[in-house]
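I have placed the structure first, in the form of structure tokens, so that the comments after it can refer back to it.
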Amino acid sequence: MKIVLFLLISFYSLNIYSQEKKEGDQPIIFGEIIFGGAGRINGNSGILMGGELNYQYKNSLFSIRYIENSQLESDVLFLTPVTPFPILKEKHFNKETGLLYGKRWIYGGSSLSVSGGISLNTFTSNLTDENNDNYRSKENYLGFPFEVNFKWFKSEKKRYRILYGLIPVGNPTSFGDSFGFKLIGNISRNSFVGLGIVAGLGIHKDY
124 MKIVLFLLIS FYSLNIYSQE KKEGDQPIIF GEIIFGGAGR INGNSGILMG GELNYQYKNS
184 LFSIRYIENS QLESDVLFLT PVTPFPILKE KHFNKETGLL YGKRWIYGGS SLSVSGGISL
244 NTFTSNLTDE NNDNYRSKEN YLGFPFEVNF KWFKSEKKRY RILYGLIPVG NPTSFGDSFG
304 FKLIGNISRN SFVGLGIVAG LGIHKDY
């Protein structure tokens, strides 16, 4: 929640800044919220969510990424001795904080980018020992994050719209929304790959 609040305040300030700057004198900087599914290679699959902050210089893209990947397994809860109820429970939980570098190409109102880098991963497992007692195991290690992004955004400078894009406010601005898809993964001791939907805010190209 603190990360989301920080991004909202930062993007509000960026919106004001983008209305004041002239064409050709604006940074390309935008943030994204990611939600999707991912699975460990030869392991459990589950839910993936996180956020990312991006800065582009020419066609070079620099990114800071934070991902949480909750890997699930199926189990059975007996409501009565003869009434089983299927449930999903968390088997593994992976937190990744990564720095990535890549290339981003802009095509009018869309873009394609490819990035890779290095990350610090914290991997937590919920396990059961031979006495049927539950315990947690945690390990930290380095990984190599990667991603491929394709997204859409406004093709020309317009007034920003609120309330689901219905009400325009302020002056024409470079600040705007984006929507797209992200192929995401990490090569490490517990490698995973996934696909997510991405929603973003910021300045997505030089208008």
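Each number in the numbering used here comes from the position in the sequence shown (counting from 1) with 123 added on. Built from N, CA and C at the ideal position, the CB exists for glycine as well.
Worksheet item: Looking only at C-alpha atoms, which of Ser297, Val271, Lys274 and Phe267 sits nearest to Lys281?
Response: Working through the sequence shown from its first residue, we reach residue 281 at position 158. If we check each option's Cα against that of Lys281, Ser297 comes out closest.
Practice prompt. Could you check if Tyr180 is buried or exposed, using at least 16 other CB atoms within 10 Å of its CB as the buried criterion?
Written response: The sequence position of residue 180 within the sequence shown is 57, counting from 1. Burial call: exposed.
Fill in: Euclidean distance between Cα positions of Gly232 and Lys218
In the sequence shown, the residue the question calls residue 232 occupies position 109. In the sequence shown, the residue the question calls residue 218 occupies position 95. Their Cα atoms are separated by approximately 32 angstroms.
Worksheet item: Ser234 by DSSP, collapsed to three states: which one?
Response: In the sequence shown, counting from the first residue as 1, residue 234 sits at position 111. Three-state DSSP puts Ser234 in a strand.
Worksheet item: So Gln179 is in the beta strand (DSSP E); what residue range does that whole segment cover?
Response: Numbered from its first residue, the sequence shown carries residue 179 at position 56. Gln179 -> beta strand (DSSP E) spans Ser168 to Tyr180.
Worksheet item: Pro150 bridges to which residues according to DSSP?
Response: Indexing the sequence shown from 1 puts residue 150 at position 27. Bridge partners of Pro150: none, in fact.
Fill in: Element boundaries [beta strand (DSSP E), containing Lys281]
Numbered from its first residue, the sequence shown carries residue 281 at position 158. From DSSP, the beta strand (DSSP E) with Lys281 extends over Lys281 to Ile285.
Fill in: Residues near Ile290 by beta carbon distance below 7 angstroms, same chain, minus five either side
Reading the sequence shown from its first residue, position 167 is the one you call residue 290. These residues qualify, in order along the chain: Arg284.
Discussion item. Closer than 8 angstroms is the cut-off here; do at least three beta carbon pairs connect the stretch 314 to 321 with the stretch 151 to 163?
Written reply: yes
Worksheet entry | Leu184 classed as buried or exposed, judged by whether at least 16 other C-beta atoms fall within 10 angstroms | Looking up residue 184 in the sequence shown gives position 61. Buried: at least 16 other Cβ atoms inside 10 Å.
Worksheet item: When DSSP labels each residue in this structure, what does Tyr224 get in the three-state scheme?
Response: The residue labelled residue 224 in the question sits at position 101 within the sequence shown. Three-state result, Tyr224: strand.
Worksheet item: Per DSSP, what kind of secondary structure is Arg312 in: helix, strand or coil?
Response: In the sequence shown, residue 312 corresponds to position 189, counting from 1. DSSP places Arg312 in coil when its eight states are reduced to three.
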